[in-house]
Amino acid sequence: MTVAGRGLSGLRADVTIDRGVGGVPTVRAAGLPDGWAGLGYAVATDRLFQLDLLRRGAAGRLAELFGPSAVAQDVAQRRAGLTAAANRALRALPADQRAVLTAYTGGINAVIASSPPPLEHEVLGRHMEPWQPRDSLLVALLLAQMLSGDGEHHRMYAAMARSLPPEVVGFLLGETDPYLVGLDGRPTDGRRTDPPTQALRALLAEAPGPLAGDRQIVASDDRPWGSNALALTGSHTADGRALLANDMHLPLGAPALFHRAGLRWPGGRVDGVTVPGLPVFVAGVSSVLAWGATRLAADVVELVEVEPAQLTTRPERVLVHRGDPVDVEVTDSPWGPVDASGPDGVLLARHWVGREPGAVDLGLGALMTAGDVDTGTEAARRAGGPPLNILLADTGGRIAWTVSGRFPVREGSGPVTPDRAWTAHRLPHELPYVTDPESGRLVSANNGVREHGTVPGLATNHFSSRRAARIGELLDAGGNWDEYRLLALQGDSDAQFYAFYRDLALTVLTDPVTEADEQRGRLREAVRAWDGTARTDAIGLAVLVAWRELLRESLFAALLNRCASKDEDFVYCWHSHESPLRAMLGDASLFPPPHRDQRGFLLFELDVCGALLRHLAPGTGLDALRWGMLNPTGIRHSMSHLAPELAALLDLPQDEMPGCAESVCAARPGFGPAVRLAASPGRPAQALLNLPGGQSGDPRSPFYRDQFAAWLTAAPQPLDPPPTGGAATRLVPIPPGEA
Numbered sequence: 022m023t024v025a026g027r028g029l030s031g032l033r034a035d036v037t038i039d040r041g042v043g044g045v046p047t048v049r050a051a052g053l054p055d056g057w058a059g060l061g062y063a064v065a066t067d068r069l070f071q072l073d074l075l076r077r078g079a080a081g082r083l084a085e086l087f088g089p090s091a092v093a094q095d096v097a098q099r100r101a102g103l104t105a106a107a108n109r110a111l112r113a114l115p116a117d118q119r120a121v122l123t124a125y126t127g128g129i130n131a132v133i134a135s136s137p138p139p140l141e142h143e144v145l146g147r148h149m150e151p152w153q154p155r156d157s158l159l160v161a162l163l164l165a166q167m168l169s170g171d172g173e174h175h176r177m178y179a180a181m182a183r184s185l186p187p188e189v190v191g192f193l194l195g196e197t198d199p200y201l202v203g204l205d206g207r208p209t210d211g212r213r214t215d216p217p218t219q220a221l222r223a224l225l226a227e228a229p230g231p232l233a234g235d236r237q238i239v240a241s242d243d244r245p246w247g248s249n250a251l252a253l254t255g256s257h258t259a260d261g262r263a264l265l266a267n268d269m270h271l272p273l274g275a276p277a278l279f280h281r282a283g284l285r286w287p288g289g290r291v292d293g294v295t296v297p298g299l300p301v302f303v304a305g306v307s308s309v310l311a312w313g314a315t316r317l318a319a320d321v322v323e324l325v326e327v328e329p330a331q332l333t334t335r336p337e338r339v340l341v342h343r344g345d346p347v348d349v350e351v352t353d354s355p356w357g358p359v360d361a362s363g364p365d366g367v368l369l370a371r372h373w374v375g376r377e378p379g380a381v382d383l384g385l386g387a388l389m390t391a392g393d394v395d396t397g398t399e400a401a402r403r404a405g406g407p408p409l410n411i412l413l414a415d416t417g418g419r420i421a422w423t424v425s426g427r428f429p430v431r432e433g434s435g436p437v438t439p440d441r442a443w444t445a446h447r448l449p450h451e452l453p454y455v456t457d458p459e460s461g462r463l464v465s466a467n468n469g470v471r472e473h474g475t476v477p478g479l480a481t482n483h484f485s486s487r488r489a490a491r492i493g494e495l496l497d498a499g500g501n502w503d504e505y506r507l508l509a510l511q512g513d514s515d516a517q518f519y520a521f522y523r524d525l526a527l528t529v530l531t532d533p534v535t536e537a538d539e540q541r542g543r544l545r546e547a548v549r550a551w552d553g554t555a556r557t558d559a560i561g562l563a564v565l566v567a568w569r570e571l572l573r574e575s576l577f578a579a580l581l582n583r584c585a586s587k588d589e590d591f592v593y594c595w596h597s598h599e600s601p602l603r604a605m606l607g608d609a610s611l612f613p614p615p616h617r618d619q620r621g622f623l624l625f626e627l628d629v630c631g632a633l634l635r636h637l638a639p640g641t642g643l644d645a646l647r648w649g650m651l652n653p654t655g656i657r658h659s660m661s662h663l664a665p666e667l668a669a670l671l672d673l674p675q676d677e678m679p680g681c682a683e684s685v686c687a688a689r690p691g692f693g694p695a696v697r698l699a700a701s702p703g704r705p706a707q708a709l710l711n712l713p714g715g716q717s718g719d720p721r722s723p724f725y726r727d728q729f730a731a732w733l734t735a736a737p738q739p740l741d742p743p744p745t746g747g748a749a750t751r752l753v754p755i756p757p758g759e760a
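If you count by the working numbering, then the sequence shown holds residues 22 to 760, one letter each, in order.
Here is the structure:
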């Protein structure tokens with residue numbers, strides 16, 4: 022059954038949109054241009070307010086919806102200048118990609134013109150402006166901004182190089198990792214080095230003790246932004262087919278960031294997920310290919326020292342819903358916005374590759390028509406957009422890894438003078454790739470691998486390899502993999518990363534210590550009870566996670582006191598710090614003041630840890646404190662803080678969530694798997710997918726939260742669900758004279 026046709030200008034032929042179980046749309050078109058129009062229509066039908074939210078978030082226009090609470094965020098985005106960057110990107114877009122945007126925009130605007138406003142717009146008393154092709158590039162830039170970092174590691178490096186002995190800088194900023202693995206997930210040489218004990222002792226001795234006030238000079242370590250992905254050849258699978266799995270870990274909200282859909286055209290099909298507003302399947306399955314992505318810790322932002330004569334200003338007016346406009350003067354330069362200064366007063370411009378023409382495009386869309394991993398790898402290396410690792414598998418049983426995005430030609434670290442700022446990008450053929458590895462498997466989990474280092478300046482400041490190493494362990498433990506087993510792997514909650522801290526705690530929580538102090542006795546019982554996982558019922562993990570954070574902050578803050586005293590904005594933000602941390606904790610002579618020995622330091626921080634947890638979970642003994650009690654999903658709608666009376670309708674259940682920062686299922690409140698995909702190329706009917714929520718962005722819809730329970734437990738759900746037999750939507754061309 023098909024409903025009466027709805028006219029859409031620009032179509033060449035009719036387009037139908039079927040809805041499967043859960044409201045999942047499948048767009049059927051006579052050609053890809055019409056298919057993109059149908060996809061735009063389907064996405065807007067499901068996620069109209071989210072579309073508005075994403076473009077406004079990028080452009081710095083949220084205060085027009087949410088009022089004064091969003092002004093600070095808007096001002097920051099106006100300084101970033103993404104609207105101007107989107108205009109530059111649109112002008113640089115190839116003609117075929119502009120055609121995709123035109124068709125997709127037409128589909129979105131057909132919904133805006135013919136549908137009642139979303140609930141959120143009704144509540145706020147606002148309306149939905151027509152979509153523009155530029156808005157899709159604003160969404161692309163917002164994603165690129167989120168995944169590119171801010172370049173602060175260059176400032177950190179410069180401050181440390183000025184203030185600390187070279188051997189200490191090398192120790193604290195090394196590429197060491199106790200879990201270092203290769204692209205196959207198997208261990209490689211971690212290049213562990215002994216601590217420069219004498220220099221470290223001298224720095225600790227001169228530290229003044231805990232920093233006063235709210236000053237935090239060690240960056241938080243509980244949100245490992247990124248994802249997991251793996252690809253297997255038939256030698257590892259149950260039936261000889263290649264397989265791919267991808268779970269992207271990102272901040273979570275309601276509705277989900279990703280939108281699931283299928284697209285069919287003569288001779289081709291694709292099923293997967295897109296970000297509303299961006300006509301690109303970020304992860305998916307075509308007739309011959311399966312692909313997925315993880316964040317690449319790319320070096321795509323540099324800090325450029327600029328002179329006052331090189332500065333320009335531009336006025337920005339932030340409109341505020343139910344408030345007065347806020348006028349801002351933005352300081353800019355040829356290299357980007359000037360929003361920071363060094364300790365010596367030198368002005369710093371933030372030079373980000375994403376602001377340059379051609380930095381973002383729809384190039385990854387070519388993966389859906391690629392004929393094998395070779396053409397897929399070539400397409401990925403040519404594409405602009407966020408810096409990503411891309412994994413692929415094809416129906417020929419082959420697999421591949423490469424990187425995607427725009428990468429500047431640069432070397433070295435620290436702020437640079439204008440004459441040393443980059444002026445060129447790496448060419449596609451310069452970017453690394455691996456096809457058909459002898460091991461028959463590829464693993465990426467935001468970790469650094471040798472292949473990244475083959476291109477100078479490509480990537481830096483990687484996260485721990487623990488998740489990649491754990492995936493490698495699971496792959497080593499068994500063969501005959503299929504989609505169901507890969508989905509279960511993505512839900513793995515092993516947390517043996519913290520076994521080091523369990524063993525360390527038990528060395529100081531001795532019988533005499535615990536017999537003399539009841540609270541320390543409860544700490545020991547909790548630590549002893551830990552089962553090595555981050556399951557919701559795990560006892561003791563909360564103690565180990567909190568204690569490690571306290572130890573990390575205290576030790577590094579004491580060592581870096583010189584840097585903090587010379588640069589009030591200094592932050593130690595090096596992700597690969599687990600090796601130096603463990604090396605220092607393994608040397609009894611290294612401890613911060615005012616403690617007299619390391620044992621006293623460790624016990625003191627355990628006491629602080631216990632007090633902190635008792636504050637967070639009053640009435641619950643430490644030996645009864647389950648991990649899930651401190652790890653709720655935290656998935657909230659952007660409006661629930663403005664309308665708390667609607668929170669029960671807008672937010673998703675605040676259920677306990679398995680996983681931690683260092684488990685394969687990386688999860689913290691408001692952060693976790695934004696999508697899980699397990700698929701074999703060419704076989705989308707067997708592919709599995711989880712989303713944290715549902716297809717619809719309307720809180721009143723039965724499809725707003727219906728997939729939440731399956732996502733929480735990593736329960737299998739089909740990527741391409743069966744049809745419901747309900748009415749299909751038919752879009753029909755409008756004759757040119759009637760448009």
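Using N, Cα and C, we set each Cβ at its ideal position, and we do this for glycine too.
Source: prediction; values computed, not measured.
The criterion of a C-beta distance shorter than 7 Å is satisfied by Gly31 and Gly127. Inter-residue distance for Ser659 and Ala97 is about 18 Å (C-alpha atoms, whole angstroms). Using a Cβ distance threshold of 7 Å, Arg488 and Ala466 count as a contacting pair. Only exposed fits Gly607, as fewer than 16 other CB atoms lie within 10 angstroms of its CB. Counting C-beta atoms within 10 angstroms of its own C-beta, Pro139 has 16 or more neighbours from the protein chains shown and is therefore classed as buried. By the C-beta density criterion, Ala180 is buried, having at least 16 other C-beta atoms within 10 angstroms. For the 7 Å CB-CB criterion, Leu369 and Pro300 do not form a contact. According to DSSP, residue pairing for Gly283 in a beta bridge involves Thr47, Asp292.
The straight-line gap separating the alpha-carbon atoms of Glu196 and Thr481 is approximately 9 Å.
For Glu599, the enclosing alpha helix (DSSP H) begins and ends at 599–606. Contact holds between the region 219–229 and the region 179–194, because three or more Cβ pairs, one in each stretch, are under 8 Å apart.
The beta carbon of Ala645 sits closer than 8 Å to those of Ile560, all from its chain and outside the five residues before and after it, given in chain order. Contact between the region 653–671 and the region 683–694 is present, with at least three C-beta pairs closer than 8 Å. Secondary structure note for Asp532: it is in no beta strand (DSSP E), and the uninterrupted alpha helix (DSSP H) holding it is 532–537. Beta-carbon to beta-carbon, Glu589 and Trp443 are separated by about 28 Å, too far to satisfy the 8 Å threshold. DSSP places Arg40 in the strand class (E or B) of the three-state scheme. By the Cβ-count criterion, Asn501 is exposed, with fewer than 16 other Cβ atoms from all chains shown falling within 10 Å of its own Cβ. If you look at Glu337, you'll find it in the beta strand (DSSP E) that goes 333–339. When secondary structure is reduced to three states using DSSP, Ser485 falls in the coil class, being assigned neither helix nor strand. Relative to the Cα of Pro297, the nearest Cα in the group Arg343, Ala664, Arg76, Arg541 belongs to Arg76.
Counting along the chain, Ala101 sits inside the alpha helix (DSSP H) bounded by residues 92–101. Separation of the CB atoms of Phe70 and Glu150 is rounded to 12 Å, and the pair is thereby denied contact status at 8 Å. No Cβ-Cβ contact shorter than 7 Å links Leu114 with Arg155.
Bounds of the beta strand (DSSP E) holding Ile420 are 420–425.
Annotation: Leu412 is outside any alpha helix (DSSP H); the continuous beta strand (DSSP E) that includes it extends over 409–415. Around the Cβ of Glu574, a 10 Å sphere holds 16 or more other Cβ atoms; the residue is buried. With fewer than three CB-CB distances shorter than 8 Å, the region 695–707 does not count as touching the region 621–634. Glu85 and Val202 have their alpha carbons spaced roughly 47 Å apart.
The region 738–747 and the region 509–526 do not touch, with fewer than three beta-carbon pairs separated by less than 8 Å. For the alpha helix (DSSP H) assignment, the uninterrupted runs of no fewer than 4 residues enclosed by the region 128–215 are, from N- to C-terminal side, 140–145, 154–169, 173–184, 187–193. Cα atoms of Ile133 and Thr295: separation of roughly 19 Å, rounded to the nearest angstrom. Nearest to Glu328 by alpha-carbon distance, out of Thr209, Ser354, Asp395, Leu122, is Ser354.
Residue range 368–373 is occupied by the beta strand (DSSP E) that includes His372.
If you draw a straight line from the Cα of Ala250 to the Cα of Leu412, it is about 7 Å long. For the pair Asp320 and Gly478, the CB atoms are nearer than the 7 Å cut-off.
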